[in-house]
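So the protein sequences, as listed, match chains F and A.
With UniProt numbering as the guide, the letters of the first sequence map in order to residues 1 to 261.
With UniProt numbering as the guide, the letters of the second sequence map in order to residues 1 to 407.
Virtual Cβ for every residue (Gly too), placed ideally from N, Cα, C.
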Amino acid sequence: MVAHDTGPGAAAVTAESVRRTYHLAEPVHAIDGVSLSLGKGSFTAVMGPSGSGKSTLMNLVGCLDTPDEGRIEVGGHSVGELSDAERARLRGTEIGFVFQTFNLMPRLTAVENVRLPMVFHDGVEADRQERARSLLERVGLGDRLEHEPSELSGGQRQRVALARALANEPTLVLADEPTGNLDTETEAEIMELLVELNEAGATILLVTHERAVAEYADHVVNLLDGEIESLEHLSDARDVTAREQAAGGAGNRRSTGEGEA
Amino acid sequence: MNLRESLRISWRSIRAHKLRSALTTLGVIIGIAAVITFMVLGGGFSEDIVGDIEAEQEPAMTVQTQTTPEDGFGVMLVETPIYTESDVDALEQREGVEYVAPQGSLDVVQAESGGEQLTGVVDAQATTADRFEHATFVDGGPFDGADEAVVNEQAGQAFEGNVSVGDELELTFEDGETTTVTVTGVVESELGEQTPPQVFVPADEHYTTTVETPDGDEERAYPTLQIGAEGLDDVDPVQETAVDYLEEESHAAELKGDDDEIAVQTVEDAIEQFDDLVGQLTVFIGAVAGIALVVGSIGIANIMIVSVTERTREIGIMKAVGATKRDIMQLFLVESVVLGVIGAVVGVAAGLGFGYLGVWLLGWPMVYPLEWVAIAVAVGTGVGVVSGLYPAWRGARVDPIEALRHE
């Protein structure tokens with residue numbers, strides 16, 4: 001078991017020899033001895049075929065699930081040792097979720113959806129409305145504040161979800177196939193936004209099965225059968241792509257980086 | 001999570017399903033409206049009857065025989081003449097007793113005055129002049145001779161010609177005999193407008209009902225006595241003495257039926273007894289109406305369970321963004337309490353409305369049963385809490401991982 005370190009500086013999330021077993025007809029190790037460290041401000045993609053343990057890893061890192069063995073730390077808290085309520089609190093303050101299916105509250109407006117994590121986190125009382133508004137402006141939805149999700153396009157909904165993920169200034173933004181339900185053009189917009197947020201300081205863990213999407217990240221963790229098969233560092237290539245784009249390049253920022261696996 | 005935020009979110013979801021929410025609260029509305037309506041009607045009925053009884057304190061009490069009906073509840077008056085002349089005399093000897101006025105009805109079938117005949121309307125009572133010791137006369141005074149009579153206001157007004165002092169009244173008995181009396185006084189009715197037209201004539205000359213006493217003698221006996229105490233302070237001891245005597249030593253104690261009870265009541269006691277009765281009846285009917293409330297709360301619970309299932313995904317989302325089990329419970333509880341409170345408020349309004357309509361149609365005074373309004377609102381809130389607890393608990397237990405996968 002090798003500890004994979006994806007980031008410089010202090011770690012936002014660390015996993016040590018994590019195992020999660022589902023007791024079906026016979027025990028299945030959905031995650032089997034994974035050690036991982038996500039540095040603060042890093043942008044990591046988790047890739048792998050279905051059944052490789054991506055979702056389980058995401059649930060574990062997102063404090064929705066607890067490991068059977070090993071230890072996961074998010075923002076300095078050991079997830080497995082927390083009570084149900086404490087983990088809920090940790091999800092609210094340290095994690096921001098972005099889902100493939102957006103998962104916005106259908107009857108709440110964009111602003112109210114963004115406010116929601118703040119509502120459940122009693123600490124931030126004063127300027128919820130103001131903060132929700134500015135977050136929506138930041139993702140380019142300043143003119144859609146009072147719209148309900150049904151009145152927004154897929155891309156706009158995902159922007160609301162992104163704004164919501166940032167509501168409590170989380171240690172980590174967890175994006176699970178965030179562009180899976182979007183067309184290519186909107187996908188690029190959302191991924192650019194993620195890169196932007198990352199460059200502004202957010203730590204991002206992206207789960208995807210699309211290579212093209214994964215390449216927006218600095219690091220790619222390849223999962224197979226619940227174990228880390230390989231780790232790629234793409235950071236260097238990023239500058240190149242950025243320059244290409246500045247020169248008029250379009251589409252994915254990267255064409256290199258493949259074949260390292 | 002603070003209450004204002006949960007109210008806002010709950011209110012959204014209630015408004016999102018307007019028809020469903022309305023139908024859900026309908027059960028509570030009907031239940032509470034029914035209870036309040038019956039309370040208004042019961043209160044109005046009671047107020048109508050008791051309200052104009054002059055509850056002036058007077059040192060007098062009535063002796064009557066009461067029984068409990070076999071099927072039903074409350075009390076019934078027994079009109080059997082069991083209070084004999086000996087009983088009257090014995091009671092008069094007791095300390096503090098100023099007078100004992102017996103009273104018994106005569107089988108008068110018709111009354112005539114100035115050529116105007118009233119059949120089966122006027123109730124003729126034989127009594128003694130003492131009976132009017134504490135009565136208020138509108139005109140004139142008690143009778144003094146055999147051919148004199150006192151009428152109450154209702155009897156005076158029963159005749160188109162308005163019988164008054166000095167007028168002659170011809171009474172026809174069941175057996176065809178007649179007697180003519182002169183009215184000496186018009187007396188106010190203690191029991192207010194509910195009292196039937198009554199004519200009072202001297203018992204000595206007109207009352208003939210007799211019973212065989214336990215001693216084997218034939219004596220006149222009456223179904224009702226009025227006992228006057230010497231002063232207000234004597235009322236309680238006299239009441240006690242009278243009860244003791246009547247229950248232990250009197251002829252009445254021997255003559256009364258096994259299930260009958262001798263009641264010695266002041267006007268206040270009688271009002272109290274009546275109020276108790278109406279109260280019991282009202283609560284009984286109210287309890288039946290309360291069943292609708294139980295049905296209503298089951299309705300809320302049912303809808304809340306559906307709502308929890310429907311919103312499994314939303315619960316997952318909320319948990320993902322940091323909602324604790326407690327937050328989720330609070331959300332669903334607030335929602336069901338809001339439904340319950342809305343039901344209670346609308347139900348109270350509807351109940352007061354129907355009650356108002358009812359008493360208006362029946363000509364009774366409107367009574368606002370404030371304590372029942374408070375109870376209704378409390379019950380509505382309680383119904384919300386109770387019917388929301390299980391659904392809320394189910395909602396709180398939802399596994400966020402499963403819920404987020406839920407379509």
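(request) Determine contact between the stretch 101-113 of chain F and the stretch 328-346 of chain A, defined as no fewer than three beta-carbon pairs at a distance below 8 Å. (result) no
(request) Enumerate in chain order the residues of its own chain whose CB-to-CB distance from Ala344(A) is below 6 Å, with the five nearest sequence positions on each side excluded. (result) Ile32, Ala376, Val377 and Gly380
(request) For Ser336(A), decide whether its Cβ has a neighbour in chain F, counting only Cβ atoms nearer than 8 Å. (result) no
(request) Could you pull out every residue in the same chain whose Cβ sits closer than 7 Å to the Cβ of Glu212(A), ignoring the five residues on either side in sequence? (result) Glu218
(message) Taking the beta carbon of Gly114(A) as the centre, do at least 16 other beta carbons fall within 10 Å, making it buried, or is it exposed?
(response) exposed
(message) What would DSSP say about Met61(A), mapped onto helix, strand or coil?
(response) strand
(message) Please report the straight-line C-alpha distance between Leu255(A) and Trp372(A), rounded to a whole angstrom.
(response) 45 Å
(request) Decide yes or no for the touch test of the stretch 198-215 of chain F against the stretch 29-45 of chain F: beta carbon pairs closer than 8 Å, at least 3 of them. (result) yes
(message) Can you tell me where the alpha helix (DSSP H) holding Phe38(A) begins and where it ends?
(response) Lys18 to Val50
(request) For Gly176(A), count neighbouring Cβ atoms within 10 angstroms of its own Cβ and tell me buried if that reaches 16, exposed if not. (result) exposed
(request) Would you mind telling me which residues of chain A sit closer than 7 Å to His121(F), beta carbon to beta carbon, in chain order? (result) Gly322
(message) For Val19(F) and Arg20(A), I'd like the C-alpha separation in whole angstroms.
(response) A small correction: the amino acid at residue 19(F) is Arg; Val does not occupy that position in the sequence shown. Taking the straight line from one Cα to the other gives about 46 Å.
(request) Report the rounded CA-to-CA distance for Ser10(A) versus Leu223(F), giving the unit in angstroms. (result) 42 Å
(message) Which complete alpha helix (DSSP H) runs does the stretch 176-228 of chain F hold, if anything under 4 residues is left out?
(response) 184-199 and 211-214
(message) Any beta carbon of chain F sitting closer than 8 Å to that of Pro400(A)?
(response) yes
(request) With DSSP collapsed to three states, give me the class of Gly355(A). (result) helix
(request) Would you please state the rounded distance, in angstroms, between the beta carbons of residue 271(F) and Ile31(F)? I believe it to be under 8 Å. (result) Given that chain F is displayed from residue 1 to residue 261, the structure contains no residue 271(F) and the question cannot be resolved.
(message) Just to make sure I have the definition right: I need the residues of chain A whose C-beta is within less than 7 Å of the C-beta of residue 315(F). Which are they?
(response) Given that chain F is displayed from residue 1 to residue 261, the structure contains no residue 315(F) and the question cannot be resolved.
(request) Mind checking the stretch 147-180 of chain F against chain A and listing, in chain order, the residues whose C-beta falls within less than 8 Å of any C-beta there? (result) Arg164, Ala167 and Asn168
(message) Using a Cβ-Cβ distance cut-off of 8 Å, determine whether Pro67(F) contacts chain A.
(response) no
(message) Give me, in chain order, the residues of the same chain whose beta-carbon lies closer than 6 Å to that of Ala392(A); leave out the 5 immediate sequence neighbours on both sides.
(response) Met329, Phe332 and Leu333
(request) Taking Val50(A) as the reference, give the member of Glu268(A), Val306(A) and Ile315(A) with the closest Cα. (result) Glu268(A)
(request) Consult DSSP for Asp71(A) and reduce its assignment to one of helix, strand or coil. (result) coil
(request) Check distances from the C-beta atoms of the UniProt domain "ABC3 transporter permease C-terminal" (287-399) of chain A to those of chain F and list, in chain order, the residues that come in under 8 Å. (result) Arg313, Glu314, Gly316, Ile317, Met318, Lys319, Ala320, Val321, Gly322, Ala323, Thr324, Lys325, Arg326 and Asp327
(message) So that I know if they touch, is there some Cβ in chain A lying closer than 8 Å to that of Arg91(F)?
(response) yes
(request) Please state if the CB of Gln103(A) and the CB of Leu246(A) are separated by a distance shorter than 8 Å. (result) no
(message) Which residues in chain A have a C-beta closer than 7 Å to the C-beta of Met105(F)? List them in chain order.
(response) Glu314 and Ile317
(message) Tell me which residues share the same chain as Val111(F) and place their Cβ nearer than 8 Å to its Cβ, disregarding the 5 neighbours each side in the sequence.
(response) Gln129, Ala132, Arg133, Leu136, Leu145 and Glu146
(message) In the DSSP assignment, the alpha helix (DSSP H) including Pro117(F) goes from what residue to what residue?
(response) Ala110 to Phe120
(message) Quick check on DSSP: helix, strand or coil for Gly228(A)?
(response) strand
(request) Could you name the residues of chain A that Leu141(F) contacts, counting a contact when the two beta carbons are closer than 8 Å? (result) Neighbours of Leu141(F) on chain A: none; closest Cβ ~18 Å, over 8 Å.
(message) Quick check: is the beta carbon of Ala88(F) nearer than 8 Å to any beta carbon in chain A?
(response) yes
(request) To the nearest angstrom, report how far apart Gly145(A) and Arg220(A) are at their CA atoms. (result) 20 Å
(request) Pull up the distance between the alpha-carbon of Pro223(A) and that of Ile36(A), whole angstroms please. (result) 40 Å
(message) Measuring alpha carbon to alpha carbon, tell me which residue in Ser50(F), Ala175(F), Leu234(F) and Pro67(F) is nearest Gln158(F).
(response) Ala175(F)
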